[in-house]
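Undergrad: Let me begin by handing over the structure; questions about it come next.
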Amino acid sequence: MSTYTPAELCVIMGSRSLKDGQIVFAGAGLPLLSAIHAQKMHAPGLAILFEVGGVAPRIESLPRSTNEARSVRRSVATPATVDMMLYLQRGFVDVGFLGGAQIDRHGNINSSCVGPLENPKVRLPGSGGANDIASSANRVFIISYHEKRRFVDKVDFITSPGFIDGGQAREEAGLLGGGVEKVITNLGILEFDPQTRSMTLVALHPGIAQEEVHEKTGFELPVSDNLEETLAPSEEELDVLRGLDQERRYLKKGDF
Amino acid sequence: MSTYTPAELCVIMGSRSLKDGQIVFAGAGLPLLSAIHAQKMHAPGLAILFEVGGVAPRIESLPRSTNEARSVRRSVATPATVDMMLYLQRGFVDVGFLGGAQIDRHGNINSSCVGPLENPKVRLPGSGGANDIASSANRVFIISYHEKRRFVDKVDFITSPGFIDGGQAREEAGLLGGGVEKVITNLGILEFDPQTRSMTLVALHPGIAQEEVHEKTGFELPVSDNLEETLAPSEEELDVLRGLDQERRYLKKGDF
Amino acid sequence: MNGQNQDEQEQTGSPNMNYRNSHQAVVEKNKGIRDKRKTLQESVAMIQDGDHISIGGLQYTRTPVGALWEIIRQKKQGLTFYKPLMSFEGDWLFVSGAMAKAVTSWFSGGVTWGVSKIMRSFAERDPNTFEELSLLGLSLKLKAGAMGIPCIPTKSMLGSDLEKTAGLERFTCPYSGEELLLVPAVNPDVAIIHSQVADIYGNGQIFGPPCLDIEAAKAANKVILTTEQIVDNEHIRDTPNSTNIPFFCVDAVVELPFGCYPHECYGRYEPAYEKLGEYGQGLLDSEDKIGFVEGFLEQYFYQPADFEEYLSMFGVKSLLETTRLGRIWQP
Amino acid sequence: MNGQNQDEQEQTGSPNMNYRNSHQAVVEKNKGIRDKRKTLQESVAMIQDGDHISIGGLQYTRTPVGALWEIIRQKKQGLTFYKPLMSFEGDWLFVSGAMAKAVTSWFSGGVTWGVSKIMRSFAERDPNTFEELSLLGLSLKLKAGAMGIPCIPTKSMLGSDLEKTAGLERFTCPYSGEELLLVPAVNPDVAIIHSQVADIYGNGQIFGPPCLDIEAAKAANKVILTTEQIVDNEHIRDTPNSTNIPFFCVDAVVELPFGCYPHECYGRYEPAYEKLGEYGQGLLDSEDKIGFVEGFLEQYFYQPADFEEYLSMFGVKSLLETTRLGRIWQP
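Chains A, B, C and D supply the protein sequences, listed in that same order.
Here the first sequence stands for residues 31 to 286, where the numbers follow this note's numbering.
Here the second sequence stands for residues 31 to 286, where the numbers follow this note's numbering.
Here the third sequence stands for residues 10 to 340, where the numbers follow this note's numbering.
Here the fourth sequence stands for residues 10 to 340, where the numbers follow this note's numbering.
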């Protein structure tokens, strides 16, 4: 059986979650790798969008940032940033990938501050387009390294809304997008209970013990009655992926 | 003394009213002739805009319509129609020229219908961009043939607002643009009283009797205490103008 | 807004009853990179009776005449059409029975042929067949639809009678205290657009003024893109700044040279002024206006076997002459 | 929003106190076709302490670094800056004292250099120095300003804490019943923008993503346009579809080759990654972050006699290498 890093595992799980023909907002790093990997493996008609103004670019070398000219090379169009973000509001974006410093049981994400914003322990860079993706993308996938300090009961600040307080709170807020459909970590896959909208463990990755997930989650995590085990990355999936990041800029060992 | 047609007289009065550096919305016909004439005579830095998406085009031959490709040839930009009209709302358009089937004492214009809209005697083509120009252009000049059926006490339908019911009605409606500054007809020049915002005769063209103006106006028309006489078009003004419409498509005799 | 929803609209007077439906329509459609080429017949077959349709171009520039020609040939009924300024095509749509209602800022022939007698005969009999908005008002309906919002504020139409006849709600800005009007968004069921070039995926490049076509492409739930010329995707990637209709908006691409004829296509050909003049004058001179247009439709729309035969009726000389006058290097 | 009005804003919490003033500013300025060329010094001298300034580009792409460099050299104070995503230039503006407040959706260096320690030291001491909005939220502030409306509805930020911290008002659409948020418009006193080409009248052509520069050009009361290359007006008229900044928005045109350096200019040159890397790493490694940036400013901003001397510090090899990597035929 082949070995792989947590990052490689998450990228491949992300890739498998994507369907052909989808329009995807994917930021630099693992999400972008997932999207490109899906294009090479099973989704040739999938298109990637970048906030800066890139539409279906051809990505030869992985950009440092998805906001630089390199990342939009060979795009079919170069719209204004406001138009890129409005595509979300009109329903054109099928999938948005997100991550964050804190993620809570209802899929809310914090990328603004540790502690209260009025008097932050740490001021973080902020939303960028994350709030807009969380608000209006047709569905959101979160990719995150699984650790207690990230998976918290309640985020200090809701930068990007998941299901807010759970239940119908998201719909009542008037939000358009479907919200977080799936959380992909290096330990397993988490989804949300249709009623409570609380994060639930639905699958473990090969060789991961359920206890480890609970240890590394900062809140009481329900487990699905039919807990599954994910299929390990295949040699082909890993070969294709490693071809995309030969310098191992994103696929390095350990945390990501 | 030189002879000239009513159309020629109005175009030249329109041209004289324009200043260098102004941004002007001018539709086909006399307004466009006034704007081009001003560029040639005294306003080389004046720029003409067309709703369809023409910015400072070079007009070699007079277009049948200002909405056709011919009219936007050699433009410096070709924006979307919505952007052209929004330039008005942002204050970029210094002057808009208008005309209409009916014009009333407060400078309101009707280009929608004779009789009530629910049951019109005659359904007219409608506003086009006229309402937007009347609403938001920094100032409006009306050019019109002077006749009783046009200059009415109250328009059947306010397609394009002037001063509405007069007084502060325009400001109270929340409108941005300055409204109608001047009405240029083949008989004279009319402006609006600062308090009542009622049309007032401020100047007669050479050889025109005040009585004729009253005869051909469908309402009681106040006359300015210092009624002036306009300066007749000069040979040079007429030569330049006639060079612009050699086929006499717009400068024909009589009504226009 | 399919036929059924359209009825709801009539009842509520709201053109945006189904903001959520229009959003869902875009969410659900296949927006991916795939070959979207269809025949003109297949494309127009996507239109259902009662649909709301936006027409590209403005007055007689870049009108998607070919798509309208096919709509009339397929005997579509009860359609509501949106266009910034309606020209001759409005006469054809009314007389053919395809158009139940025109939503536009201006409706007539070319400037030189006066007020449309056809529009008058319909609108004077039933004023609801012609809904008038200012040009910015109509533009903002599509703009709001394109932005994915149900309405948008404007200073236009305040204090006019259009404010009342269009049933616009007043709005006070909570930040500035300014009075504005709210223009309700429209999300047409289908937008028909003609571009100079496009690739097979639906990346369209419009040259010259795009009019309201970019807004319409995003606002509509489906887009039929006819184009003078299908180009290779690599050409599109060489010139991405010129792409103003992105592929994910588009559902059908049809290569249709002279697709605006006898109207014009910027940089490609001027209007067939002579033919339009004959039509305009003929309409002015005829006793029976409706009959005149019916005869024109019979001759130019129903009898030709296909669009090339339709073009043949204008003749090679007309196509060459208008191309000679209209072509410029850029597109 | 000059200094005084800015104070009013702080009091009222409304960034759009002076919708009418911003409108009047555009009404009164000379928008005509005239030679608008100015030196970098003259252009930046138009900026007053306390002004609200929008910065073109996004993160480190097409940043008008040259104009910012001159703003810092002229010791401007108390400015509020708007940018979609703030990068290194945010550190420079904070440490130099030019920036009292950043309004942006994201603030850090390049992705690879982690969270900006400079931003942290300012925002953790005084949270009001960094006002956060979502990227669409910030985009719509400028969009509304560009459209000449005081606010615009959106579905973004609903239910988030940004809704509260940004003080956004709720709005129910009277046509659809939809809940939305109203984003207040901003009309910056001055927009600084860098384009690949422009003519002497201020017709600017931006290639690659225009980011929010087109919105900013219309929203701002004054526009300073720096450009890689001034071209003949006839070239602009040959390629009108590529003109995205119309002359009547622009008040000053400055030809400034490599005006984004060490940031990138699409189609002209890539970022000077090596130099940015040295800076980023140097900042990470230094004990005294503020001191490090002060040293950088002294060396690169204050000491050089002019912008060419500033560029000389990066060296010919850097300029040639980034040009070789970044240039494409189109711009």
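The beta carbon of each residue, even a glycine, is placed where N, CA and C say it ideally should be.
All figures in this text were calculated on a predicted structure; none of them were measured in a lab.
From what residue to what residue does the alpha helix (DSSP H) around D/S105 run?
TA: That run of the alpha helix (DSSP H) goes 97-105.
Undergrad: Check whether the Cβ of D/G157 lies closer than 8 Å to any Cβ atom in chain B.
TA: At a cut-off of 8 Å, the C-beta of D/G157 has a neighbouring C-beta in chain B.
Undergrad: If you follow the alpha helix (DSSP H) that C/Q312 is part of, which residue opens it and which one closes it?
TA: C/Q312 -> no alpha helix (DSSP H), and no H or E assigned at all.
Undergrad: If you draw a straight line from the C-alpha of D/R43 to the C-alpha of B/G51, how long is it?
TA: 8 Å
Undergrad: Any C-beta of chain A sitting closer than 8 Å to the C-beta of D/L328?
TA: no
Undergrad: Could one say the Cβ of C/E29 lies closer than 8 Å to chain B's Cβ atoms, at least one of them?
TA: Residue identity check: residue 29 of chain C is Arg in the sequence provided, not Glu. With 8 Å as the cut-off, C/R29 does not count as an interface residue toward chain B.
Undergrad: Locate the beta strand (DSSP E) running through C/E5, then write down its first and last residues.
TA: The structure shown has nothing for residue 5 of chain C, since chain C only spans 10 to 340.
Undergrad: Inspect the CB distances between the stretch 312-319 of chain C and the stretch 119-135 of chain C and report whether three or more fall short of 8 Å.
TA: no
Undergrad: Could you pull out every residue in the same chain whose Cβ sits closer than 8 Å to the Cβ of A/H244, ignoring the five residues on either side in sequence?
TA: L251
Undergrad: If we call anything under 8 Å between Cβ atoms a contact, is B/H136 one with B/F187?
TA: no
Undergrad: Name, please, each residue of chain B whose Cβ falls closer than 8 Å to the Cβ of C/R129.
TA: V152, R153
Undergrad: Under a three-way DSSP split, which group does C/Y270 fall into?
TA: coil
Undergrad: Inspect the beta-carbon positions of A/G83 and D/C220 and report whether they are closer than 8 Å.
TA: For A/G83 and D/C220, yes; Cβs fall inside 8 Å.
Undergrad: Between the C-alpha atoms of B/V170 and B/L118, what's the straight-line distance to the nearest angstrom?
TA: B/V170 and B/L118: Cα-Cα distance of roughly 12 Å.
Undergrad: Ends of the beta strand (DSSP E) at C/K162?
TA: The amino acid occupying residue 162 of chain C in the given sequence is Pro; Lys does not appear at that position. Start and end: 160-163.
Undergrad: Step through the CB atoms of chain D and report whether any lies within less than 8 Å of the CB of B/D50.
TA: yes
Undergrad: Determine the DSSP secondary structure at B/F181, reduced to helix, strand or coil.
TA: strand
Undergrad: Report back the beta-carbon spacing between C/G157 and A/G126 to the nearest angstrom; my notes put them in contact at under 8 Å.
TA: Their Cβ separation, rounded to whole angstroms, is 15 Å, which puts C/G157 and A/G126 out of contact at 8 Å.
Undergrad: At a Cβ threshold of 8 Å, is C/L177 touching chain B?
TA: No, because no Cβ of chain B sits closer than 8 Å to the Cβ of C/L177.
Undergrad: Going by other Cβ atoms of all chains shown within 10 Å of its Cβ, with 16 needed for buried, is B/G44 buried or exposed?
TA: buried
Undergrad: In angstroms, rounded to a whole number, what distance separates the CA positions of D/K38 and D/Y28?
TA: 16 Å
Undergrad: Buried or exposed for B/D162, going by 16 or more other Cβ atoms inside 10 Å?
TA: buried
Undergrad: Quick one: is C/R336 near chain D, going by C-beta distance under 8 Å?
TA: no
Undergrad: Compute the Euclidean distance between the alpha carbons of D/K227 and B/V102, then round it to the nearest angstrom.
TA: 21 Å
Undergrad: With 8 Å as the limit, tell me which residues of the stretch 55-81 of chain B have their beta carbon closer than that to any beta carbon of chain D; keep them in chain order.
TA: P74, G75, L76, A77
Undergrad: Which class does A/Y34 belong to by DSSP, given the choice of helix, strand or coil?
TA: In the structure shown, A/Y34 sits in coil (DSSP, three-state: anything other than H, G, I, E or B).
Undergrad: Does C/C160 come within less than 8 Å of chain D when only Cβ atoms are used?
TA: yes
Undergrad: If you measure between the beta carbons of D/K238 and D/V206, is that distance less than 8 Å?
TA: For the record, residue 238 of chain D in the displayed sequence is Gln; it is not Lys. Closer than 8 Å, so yes.
Undergrad: What distance in whole Å lies between the Cβ atoms of A/A58 and A/R94, which are believed to be in contact at a cut-off of 8 Å?
TA: 7 Å
Undergrad: Report the rounded CA-to-CA distance for C/Q15 versus C/I223, giving the unit in angstroms.
TA: Residue confidence for C/Q15 is low, a pLDDT of 42 falling below 50, so the modelled location carries little weight; the figure read from the coordinates is stated next. Straight-line spacing of the CA atoms in C/Q15 and C/I223 works out to 24 Å.
Undergrad: Starting from C/Q205, follow the beta strand (DSSP E) in both directions and report where the run begins and ends.
TA: Taken as a continuous stretch (DSSP letters only), the beta strand (DSSP E) holding C/Q205 covers 199-207.
Undergrad: Pick out whichever of B/Q276, B/T226, B/P236 has its Cα sitting closest to the Cα of B/C40.
TA: B/P236
Undergrad: Is B/H122 close to chain D, meaning its C-beta is less than 8 Å from at least one C-beta of that chain?
TA: It should be noted that the sequence gives Phe, not His, for residue 122 of chain B. Yes, B/F122 lies at the interface with chain D (some Cβ there is under 8 Å from its Cβ).
Undergrad: Once DSSP output is grouped into helix, strand and coil, what is the label at D/Q18?
TA: The pLDDT assigned to D/Q18 is 42, lower than 50, so where the model puts this residue is not dependable; a value taken from the coordinates is nonetheless given after this. Residue state, collapsed to three classes: helix.
Undergrad: With a threshold of 8 Å between beta-carbons, can A/I238 be considered close to chain D, or not?
TA: no
Undergrad: Using a cut-off of 8 Å between C-beta atoms, extract the partners of D/F216 located in chain C.
TA: Those within 8 Å of D/F216 in chain C are N250.
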